[in-house]
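**Q** The numbering of the sequence shown is our numbering, which starts it at 2 and goes up by one. Ideal Cβ positions, reconstructed from N, Cα and C, are used throughout, including at glycine. Predicted, not measured: the structure shown is a model, and the values here were computed from it. Below is a structure I'd like to ask you about.
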Amino acid sequence: MLRLFNSLSFFQPYRFGLLPLALAIVLTSGCATAGADSAGKTRDFTTTTATTAAGAYIGTNNSNNKAKGAAIGAAAGFVTGEAINYFNNKAQREAFVAGYEKGQSNAVKQQYWIARDNQRPRTDDGYEESYYEITVPQTDREGVRHETTKRVIRVVMPKEETGS
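Set out below in C-alpha cells:
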C-alpha cells in the first residue's frame, strides 16, 4: 500500500497541469461534428484550458512544487489563453466582414451587368420592336380630371418573313 502512495505522490506536482488537460480532452470529445458557432466556443475553451494547464505545470516546476507557483502559473496561462482567443476571434470577424463586403460588391456588379445585358437590343431573336406615340385624351372620372398627355407604347411583333 505504501508503494502505491509513493507512486501517486510522484504525480502530485503534475496534477495541476494534467487534470485540467484531461478534463478538456474528455469534455470536448466528439465536438468535431458540432456547428460552427459551438465549434468556435469549443476551440476557445480548449485553448484556454490548455494554456491554463501549461501555465500551472510551468508554475509548479519553477516554484519547487508549491501551490502558490501553480496558481500564479495557471492565472498567467489563463490570461494568455484568453488573449489568444481574443485576437483569433478578432481576425475571424474581420475576415468575415471583408468577405461579406466583397460578396455584396460582386452581387451589385452582377445585377448591373444583367440589367445592362437585358437592355441591349437583340438582332437575331426573330422579333421587331416598334414605338408609337399616342395622345391620351382628357378624362373626368368621379370628380377627378386627367389632362391630355402623350405616352409612348412599345410594341413587339414577330418579324415578317420575306419569301423568295
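1. For the structure I just gave you, are there three or more beta carbon pairs, one from the segment 103-114 and one from the segment 72-80, closer than 8 Å?
2. Which residues mark the beginning and the end of the alpha helix (DSSP H) in which T150 is found?
3. Could you name the residues of the same chain whose beta carbon sits closer than 6 Å to that of R155, not counting the 5 residues immediately before and after it, in chain order?
4. What do you reckon, are the CB atoms on Y128 and V98 nearer than 9 Å?
5. Relative to the alpha-carbon of K42, which residue among Y58, L19, A25, H147 has its alpha-carbon at the smallest distance?
6. Taking three-plus beta-carbon pairs below 8 Å as touching, is the segment 84-95 in contact with the segment 42-61?
7. Determine the extent of the alpha helix (DSSP H) in which S106 is found, giving its start and end residues.
8. In the structure shown, what three-state DSSP assignment does D1 receive?
9. What's the C-alpha gap between G104 and Q120?
10. Can you check which of these residues, R44, V137, E161, R117, is closest to N90 by C-alpha distance?
11. Can E134 and R152 be called in contact, C-beta distance under 9 Å?
12. If you compare alpha carbons, which of A116, L20, A92 is closest to A57?
13. On the CB-based measure, 16 or more other CB atoms within 10 Å of its CB, does G60 come out buried or exposed?
14. Give the single residue among L3, Q139, T52, L5 whose Cα lies nearest to the Cα of A23.
15. Strictly by DSSP, which residues pair up with T136?
**A** If we stick to the structure as given:
1. Cβ pair count under 8 Å is below three, so no.
2. Where T150 is concerned, there is no enclosing alpha helix (DSSP H), although the beta strand (DSSP E) it sits in stretches over 150-159.
3. Cβ within range, chain order: Y132.
4. No, these two residues do not count as a Cβ contact at 9 Å.
5. The option with the nearest alpha carbon to K42 is A25.
6. As far as the Cβ criterion goes, the segment 84-95 touches the segment 42-61, which means the pair count is three or higher.
7. Note, S106: alpha helix (DSSP H), 68-120.
8. Coverage of the chain is limited to positions 2 through 165, which leaves residue 1 absent and any answer about it impossible.
9. Cα-Cα distance, rounded: 25 Å.
10. When each option's Cα is compared against that of N90, the closest is R44.
11. If you check the CB distance, E134 and R152 come in under 9 Å.
12. Of the candidates A116, L20, A92, the residue whose Cα lies closest to the Cα of A57 is L20.
13. Its Cβ being crowded by 16 or more others within 10 Å, G60 is buried.
14. Residue T52 is the option with its Cα nearest to A23.
15. Per DSSP, K151.
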